[in-house]
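Here's the structure, in structure tokens; my notes come after.
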Amino acid sequence: MARGGALRRAVRRAHDRDHRRLPPLLLAPHLPAEAGAAVRARVRGTSAAQKGPLWWAAHHRAHHKFSDTERDIHSPKRGFWWSHVGWILCDKYNKTDSDAIKDFTKYPELVWLDKHDWVAPWALGFACFFIAGWSGLIIGFFLSTVLLWHGTFTINSIAHVWGRRVYETSDTSRNNALLAVITGGEGWHNNHHRYPWSARQGFRWWQVDVTYYVLRVFAWLGVVHDLRPVPAEVRAEARRLPPGV
Ligand SMILES: [Zn+2]
Ligand SMILES: [Zn+2]
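Numbering (numbering that gives the first Met the number 0), first residue to last: 0 to 244.
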């Protein structure tokens with residue numbers, strides 16, 4: 000009985016925590032978390048070999064600020080392949096705009112990881128090789144990294160071209176169930192552009208959002224906190240928009 004009561008209280012505490020604020024931005028590095036777990040999460044994120052966490056965060060903020068305008072670096076209006084891989088391979092955009100992420104640059108481990116963004120991918124590559132030899136390196140590191148690249152990039156390209164719009168945002172973002180499955184929830188991109196302050200991107204129970212489910216478990220365990228929910232009025236705004244809106 001005592002254990003059951005403690006469990007219920009823990010669940011209630013996690014539930015209450017979830018109804019407080021989460022800072023506006025969605026990439027894992029910004030999640031308030033216990034120190035050790037936070038550093039591990041950031042190192043794992045950087046092992047995706049998609050440049051540094053601060054670099055990503057700064058560009059992602061710019062994407063939300065200037066979505067599908069001339070200042071949006073990876074808008075598909077500049078070409079589908081450009082939005083998918085062209086922009087990230089372009090040396091012109093290698094610099095991290097520290098002014099855009101002053102709230103993140105106060106974390107020294109993030110600054111270090113961003114500056115040495117090659118360390119985590121190389122460490123993962125070596126670990127794969129030592130654990131499983133060449134097949135470990137090729138499948139465990141190279142193949143998984145390339146698949147992850149394209150999964151991530153589909154959100155900048157396909158999620159702004161194909162799918163359904165339910166919010167009349169000023170950009171071309173769409174909800175795409177297939178992309179949501181591939182990317183663990185990011186495919187509900189029209190939702191996300193409407194209310195990017197929430198850790199949740201699937202606003203309805205049937206909108207699969209695996210990343211959010213994991214965050215809920217982490218919140219329950221006390222690893223992350225202050226997950227911001229989607230306001231009921233934002234959810235209620237959703238309606239099927241005619242093509243071209
Ligand atoms: Zn977008
Ligand atoms: Zn976003």
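Glycine included, every Cβ here is placed at the ideal spot set by N, Cα and C.
These figures come from a predicted structure and were not determined experimentally.
Subject >> 8 Å Cβ cutoff met for G201 and W187 >> reply: yes
Original post:
What are the uninterrupted segments assigned as alpha helix (DSSP H) that are 4 or more residues long and contained completely in the region 145-211, given in chain order?
Top reply: 176-182 and 188-193
Original post:
Going by alpha carbons, who is nearest to D96 out of W117, A126, H59 and F129?
Top reply: H59
Subject >> Any non-hydrogen atom of ligand 2 closer than 7 Å to P195 Cβ >> reply: yes
Original post:
According to the Cβ coordinates, are P75 and S169 closer than 8 Å?
Top reply: no
Original post:
Between the beta-carbon of L177 and the beta-carbon of A198, is there less than 8 Å?
Top reply: no
Original post:
For V244, does the three-state DSSP call read helix, strand or coil?
Top reply: coil
Original post:
Roughly how many whole angstroms lie between the Cα atoms of S134 and L123?
Top reply: 14 Å
**OP:** Less than 8 Å between the CB atoms is what I'm expecting for V110 and L53, so what's the real figure, rounded?
**Re:** 7 Å
Original post:
Can you tell which of V244, T171 and A179 has its C-alpha closest to the C-alpha of T68?
Top reply: T171
Original post:
What's the gap between the Cα of Y166 and the Cα of E236?
Top reply: 7 Å
Original post:
S46 to F128, Cα distance in whole Å?
Top reply: 15 Å
Original post:
Nearest-angstrom Cα distance between V38 and W55?
Top reply: 17 Å
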